[in-house]
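> Below is a structure I'd like to ask you about.
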Amino acid sequence: MDILLVILQAVVVLGAIVMGVRTGGVGLGLWGVAGTLVLVFVFHLAPGSPPVDAFFIVIAVITAASAMQAAGGIDYLVSIASKIIQASPSRLTYVAPLVSFVFTALAGTSNIYFALIPVIYETAYRNGQRPERSLAASTVTSALGITASPVSAAMAAYLVLMTPLEFSLVDILIITIPASIAACIVTSIVQQRLGRELLDDEVFLARVEAGTVEMPQVLAAQQAARADAVASGMSQGKAARHARKSAATGAERAERIHIEVPPGGAAAAWIFIAAVLIIVTFGLFSGLRPAFPTGENGQLVPVGMSVLIQMFMFTAALVIILVRKVPPGKIVEQPLLKAGFVAAVALFGIAWMADTFIKANQETIIDPLGDLVTSYPILLAVALFLVCGLTTSQSATTNTIVPIAIAAGMTPGVITAMWPSLVGVWLFPANGSQIAAVETDLTGSTKLTTVPVWHSFTIPMLVSWVTVVAVGMLIQLFVH
Numbered sequence: 001m002d003i004l005l006v007i008l009q010a011v012v013v014l015g016a017i018v019m020g021v022r023t024g025g026v027g028l029g030l031w032g033v034a035g036t037l038v039l040v041f042v043f044h045l046a047p048g049s050p051p052v053d054a055f056f057i058v059i060a061v062i063t064a065a066s067a068m069q070a071a072g073g074i075d076y077l078v079s080i081a082s083k084i085i086q087a088s089p090s091r092l093t094y095v096a097p098l099v100s101f102v103f104t105a106l107a108g109t110s111n112i113y114f115a116l117i118p119v120i121y122e123t124a125y126r127n128g129q130r131p132e133r134s135l136a137a138s139t140v141t142s143a144l145g146i147t148a149s150p151v152s153a154a155m156a157a158y159l160v161l162m163t164p165l166e167f168s169l170v171d172i173l174i175i176t177i178p179a180s181i182a183a184c185i186v187t188s189i190v191q192q193r194l195g196r197e198l199l200d201d202e203v204f205l206a207r208v209e210a211g212t213v214e215m216p217q218v219l220a221a222q223q224a225a226r227a228d229a230v231a232s233g234m235s236q237g238k239a240a241r242h243a244r245k246s247a248a249t250g251a252e253r254a255e256r257i258h259i260e261v262p263p264g265g266a267a268a269a270w271i272f273i274a275a276v277l278i279i280v281t282f283g284l285f286s287g288l289r290p291a292f293p294t295g296e297n298g299q300l301v302p303v304g305m306s307v308l309i310q311m312f313m314f315t316a317a318l319v320i321i322l323v324r325k326v327p328p329g330k331i332v333e334q335p336l337l338k339a340g341f342v343a344a345v346a347l348f349g350i351a352w353m354a355d356t357f358i359k360a361n362q363e364t365i366i367d368p369l370g371d372l373v374t375s376y377p378i379l380l381a382v383a384l385f386l387v388c389g390l391t392t393s394q395s396a397t398t399n400t401i402v403p404i405a406i407a408a409g410m411t412p413g414v415i416t417a418m419w420p421s422l423v424g425v426w427l428f429p430a431n432g433s434q435i436a437a438v439e440t441d442l443t444g445s446t447k448l449t450t451v452p453v454w455h456s457f458t459i460p461m462l463v464s465w466v467t468v469v470a471v472g473m474l475i476q477l478f479v480h
């Protein structure tokens with residue numbers, strides 16, 4: 001009978017997640033709360049702990065980010081990113097993924113990547129490169145920035161879970177940042193070798209023939225050089241290599257994209273970045289934080305990082321408003337605020353439901369699952385990867401799966417090494433970044449297929465996943 005009840009409760013949890021994904025937007029969080037209601041009133045489970053700290057961290061960060069966006073700070077960051085991306089077009093597949101990762105980590109949201117998609121595409125297209133290589137790799141690595149960001153929604157959820165284990169923000173970043181950078185590099189190396197050159201791609205050539213897309217000047221020069229080389233008796237392979245080499249100089253001189261930055265955008269961006277750096281500094285040196293007596297013995301305990309993140313992010317928003325004279329009403333109109341609110345509600349609902357279910361079934365289901373994960377740690381990475389792919393929410397997945405690993409007694413270092421498996425968010429083509437990349441690429445090289453899990457992002461996603469977990473596991477062996 002107990003097993004049957006647990007199965008029914010699990011059906012409620014999974015059903016709420018599935019319905020939330022189908023509903024979309026805040027629906028994921030609202031279905032999570034509805035699932036909690038069913039667990040409490042129908043199955044009489046004690047309500048779990050709602051993730052209040054994580055919720056307000058997300059709200060604080062997204063408020064500061066929205067103030068920065070309203071003041072032109074996002075435009076400033078994108079302009080810097082575009083200059084870096086366009087500085088060396090021949091190395092685009094290596095540079096763009098790293099830039100996408102870094103800027104997502106700084107901003108705490110992958111929404112900033114949307115603005116980089118046309119820059120990456122145009123740089124690749126104008127220089128005669130296959131856009132799929134840089135676009136797919138950059139899309140995937142932008143998700144790695146979420147688990148390497150001190151101010152992302154997923155980090156807010158994860159930090160709240162790790163704090164009782166005395167595993168700090170710095171302990172987390174020491175693992176996730178270098179592991180993610182290694183994954184960016186390996187992914188770029190593999191991605192650079194995938195797909196045909198555009199002049200050998202039938203889909204691209206058909207689109208040129210149909211007038212859907214124009215042949216860029218660089219490729220037109222390559223095509224002419226290849227024809228001349230073949231006419232002179234050179235083999236097709238040698239002719240192609242000769243054409244690419246002869247057109248390389250022209251590619252480097254291709255017209256660059258310029259992004260306008262509103263006055264004061266730089267100041268707003270640096271205020272936000274300064275707040276992020278201050279948060280990291282306080283995380284690195286706990287002695288700098290104010291300490292207050294806690295508990296019966298009156299021992300001095302530093303202020304928690306969750307509280308500090310909220311204070312500094314809200315204060316950063318205020319400073320941006322005052323320095324740049326941003327009307328407060330303009331902040332609530334920003335797309336980032338809407339996206340952040342959706343993430344906060346999704347985090348709140350799913351985390352509350354998961355905590356209610358997990359606490360009530362510790363002995364019946366969580367302990368056996370914990371034993372399995374402890375015996376085969378790689379299963380944690382697989383669970384994180386698959387659940388994130390199904391829910392398309394890094395923060396919700398964090399609050400659903402990580403508590404199981406913690407309850408199983410897995411060490412924080414190992415859990416953290418596995419945590420970037422949230423890159424599985426790209427498993428299905430259900431994300432705005434994937435769809436935007438496909439729609440932006442007029443050459444047709446970046447594509448989806450009739451098989452939901454096989455698309456332009458599949459290989460870079462798998463390469464990133466394997467690399468980030470493997471490197472993370474190595475790092476945690478030495479630092480923890």
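First residue of the sequence shown? That's 1 in full-length UniProt numbering, and the numbers climb one at a time after it. Built from N, CA and C at the ideal position, the CB exists for glycine as well.
1. On the three-state DSSP scale, how would you describe Q299?
2. Determine the closest residue to L165 out of A107, N431 and I415, with distance taken between C-alpha atoms.
3. Give the straight-line distance between the Cα atoms of A87 and P377, rounded to the nearest whole angstrom.
4. What do you get for D441, buried or exposed, if any count of 16 or more other CB atoms within 10 angstroms of its CB means buried?
5. Output needed for I309: all residues of its chain with C-beta closer than 6 Å, excluding positions within five of it in sequence on either side, in chain order.
6. Taking only the alpha-carbon atoms, compute the straight-line gap between G340 and T109 and give it to the nearest angstrom.
7. Please classify S90 as buried or exposed, where buried requires at least 16 neighbouring CB atoms within 10 angstroms.
8. For L173, I'd like the list of residues in its chain whose CB is within less than 7 Å of its CB, leaving aside the five on either flank, ordered along the chain.
9. In this structure, what does DSSP give as the bridge partners for T294?
10. Applying the 10 Å Cβ sphere with the 16-neighbour rule, what's the burial state of P401?
11. Which whole-angstrom value describes the C-beta separation of A346 and S421, a residue pair presumed to lie in contact below a C-beta threshold of 8 Å?
12. How big is the Cα-Cα spacing for T163 and T449?
13. Taking Cβ positions, are F103 and A344 nearer each other than 8 Å?
14. Counting Cβ pairs closer than 8 Å, one from the stretch 91-99 and one from the stretch 186-201, do we hit at least three?
15. Residues in the same chain with beta-carbon distance under 7 Å from A60, minus the five sequence neighbours each way, listed in chain order, please.
16. State whether the stretch 65-85 contacts the stretch 260-276, with contact taken as three or more CB pairs (one from each stretch) at a distance under 8 Å.
17. Output needed for T398: all residues of its chain with C-beta closer than 6 Å, excluding positions within five of it in sequence on either side, in chain order.
18. Round the Cβ separation of A269 and A46 to the nearest angstrom and send it over; I've been treating them as touching at under 8 Å.
19. Excluding the 5 residues flanking F43 on each side, which residues of the same chain have their C-beta closer than 6 Å to its C-beta?
20. Please list, in chain order, all residues of the same chain as L30 whose beta carbon is under 8 Å from its beta carbon, the five residues on each side excluded.
21. Please report the distance separating the alpha-carbon of A210 from that of P118.
22. Rounded to whole angstroms, what's the CA-CA distance from S168 to A182? Just pull it up for me.
23. Can you give, in chain order, each stretch of the alpha helix (DSSP H) that sits fully within the stretch 99-167 and has at least 4 residues?
24. Using the C-alpha atoms, what's the distance from S138 back to V423?
25. Grouping DSSP H, G and I as helix and E and B as strand, with all else coil, what is S456?
26. Identify whether R22 lies in helix, strand or coil by the three-state DSSP scheme.
27. Please classify T36 as buried or exposed, where buried requires at least 16 other C-beta atoms within 10 Å of its C-beta.
28. DSSP on T63, reduced to helix/strand/coil?
29. Reducing DSSP to helix, strand and coil, say where E412 ends up.
30. Can you check the stretch 264-351 for any beta strand (DSSP E) of at least 3 residues that lies completely inside it and give the ranges in chain order?
31. Out of curiosity, what's the CA-to-CA distance linking G32 and I404?
32. Return the chain-ordered list of same chain residues with a C-beta closer than 8 Å to the C-beta of V471, the five sequence neighbours on each side being excluded.
33. Shortest alpha-carbon distance to L427 belongs to which of T443, E214 and H455?
34. Indicate whether F204 and L144 have their beta-carbon atoms separated by less than 8 Å.
The short version:
1. Taking the first residue of the sequence shown as 1, we reach residue 299 at position 299. Q299: strand per DSSP, three-state reduction.
2. Residue mapping note: residue 165 aligns to position 165 of the sequence shown, counting from 1. Measuring from the Cα of L165, the nearest candidate turns out to be I415.
3. What you label residue 87 is simply residue 87 of the sequence shown in a count that begins at 1. What you label residue 377 is simply residue 377 of the sequence shown in a count that begins at 1. Cα-Cα distance, rounded: 42 Å.
4. Residue numbering aside, residue 441 sits at position 441 when the sequence shown is read from its first letter. It is buried - the Cβ of D441 has at least 16 other Cβ atoms within 10 Å.
5. Position 309 of the sequence shown, counting from 1, holds the residue named residue 309. Cβ neighbours of I309 beyond the five flanking positions: I57 and I279.
6. For the purposes of this step, residue 340 is taken as residue 340 along the sequence shown, with counting starting at 1. For the purposes of this step, residue 109 is taken as residue 109 along the sequence shown, with counting starting at 1. Answer to the nearest angstrom: the Cα atoms are 9 Å apart.
7. For this step, residue 90 is matched to residue 90 along the sequence shown. By the neighbour-count criterion, in which 16 or more other beta carbons inside 10 Å mark a residue as buried, S90 falls on the exposed side.
8. Here residue 173 is taken as the residue at index 173 of the sequence shown, counted from 1. Hits under 7 Å: A148 and P150.
9. Numbered from its first residue, the sequence shown carries residue 294 at position 294. BP columns for T294 point to Q299.
10. Position 401 of the sequence shown, counted from the first residue, corresponds to residue 401. Looking at the sequence provided, one finds Ile at residue 401 rather than Pro. By the beta-carbon neighbour count (other beta carbons within 10 angstroms, threshold 16), I401 is buried.
11. Within the sequence shown, residue 346 is the residue found at index 346, counting from 1. Within the sequence shown, residue 421 is the residue found at index 421, counting from 1. In this structure, A346 and S421 do not form a Cβ contact; the two beta carbons are roughly 19 Å apart against a cut-off of 8 Å.
12. As a first step, residue 163 is located in the sequence shown; it is residue number 163 there, counting from the start. As a first step, residue 449 is located in the sequence shown; it is residue number 449 there, counting from the start. If you take the alpha carbons of T163 and T449, they lie about 42 Å apart.
13. As a first step, residue 103 is located in the sequence shown; it is residue number 103 there, counting from the start. As a first step, residue 344 is located in the sequence shown; it is residue number 344 there, counting from the start. No, Cβ-Cβ distance for F103 and A344 is not below 8 Å.
14. Judged by Cβ distances under 8 Å, the stretch 91-99 makes contact with the stretch 186-201, as three or more pairs qualify.
15. Within the sequence shown, the letter at position 60 stands for residue 60. The answer, listed in chain order, is I309, Q310, M313 and F314.
16. The answer is yes - the stretch 260-276 touches the stretch 65-85, with three or more Cβ pairs under 8 Å.
17. For the purposes of this step, residue 398 is taken as the residue at position 398 of the sequence shown. Hits under 6 Å: A154, A157 and Y158.
18. Within the sequence shown, the letter at position 269 stands for residue 269. Within the sequence shown, the letter at position 46 stands for residue 46. Between A46 and A269 the Cβ distance is about 45 Å, and since that is not below 8 Å, they are no contact.
19. As a position in the sequence shown, residue 43 is number 43, starting the count at 1. Shown here for F43: same chain residues with a beta carbon closer than 6 Å to its own, the five before and five after excluded, namely Q9 in chain order.
20. Taking the sequence shown and counting its residues from 1, one reaches residue 30 at position 30. Within the same chain, L30 has close Cβ partners G20, T23, V345 and G349.
21. Sequence index remark: in the sequence shown, residue 210 carries index 210 (1-based). Sequence index remark: in the sequence shown, residue 118 carries index 118 (1-based). Going from the Cα of A210 to the Cα of P118 covers about 22 Å.
22. What you label residue 168 is simply residue 168 of the sequence shown in a count that begins at 1. What you label residue 182 is simply residue 182 of the sequence shown in a count that begins at 1. Cα-Cα distance, rounded: 22 Å.
23. Annotation: the stretch 99-167 contains the following complete segments of the alpha helix (DSSP H) (minimum length 4 residues), in chain order: 111-126, 131-144 and 153-162.
24. Along the sequence shown, one-based indexing puts residue 423 at 423. Along the sequence shown, one-based indexing puts residue 138 at 138. Whole-angstrom Cα-Cα distance: 12 Å.
25. Stepping through the sequence shown from its first residue, residue 456 is reached at position 456. Coil, per DSSP.
26. Here residue 22 is taken as the residue at index 22 of the sequence shown, counted from 1. Reduced to three states, the DSSP call for R22 is helix.
27. Indexing the sequence shown from 1 puts residue 36 at position 36. By the neighbour-count criterion, in which 16 or more other beta carbons inside 10 Å mark a residue as buried, T36 falls on the buried side.
28. To locate residue 63, count along the sequence shown from 1; it is residue 63. The answer is helix: DSSP assigns T63 an H, G or I state.
29. Along the sequence shown, one-based indexing puts residue 412 at 412. What sits at residue 412 in the sequence shown is Pro, not Glu. P412 carries a helical assignment under DSSP once its states are collapsed to helix, strand and coil.
30. With a minimum length of 3 residues, the unbroken runs of beta strand (DSSP E) contained wholly in the stretch 264-351 fall at 291-294 and 299-302.
31. Taking the sequence shown and counting its residues from 1, one reaches residue 32 at position 32. Taking the sequence shown and counting its residues from 1, one reaches residue 404 at position 404. Their Cα atoms are separated by approximately 18 Å.
32. Counted from its first residue, the sequence shown places residue 471 at position 471. P178, A179, A182 and A183.
33. Here residue 427 is taken as the residue at index 427 of the sequence shown, counted from 1. With distances taken between CA atoms, L427 lies nearest to H455 out of T443, E214 and H455.
34. Here residue 204 corresponds to residue number 204 of the sequence shown, with the count starting at 1. Here residue 144 corresponds to residue number 144 of the sequence shown, with the count starting at 1. For F204 and L144, no; Cβs fall outside 8 Å.
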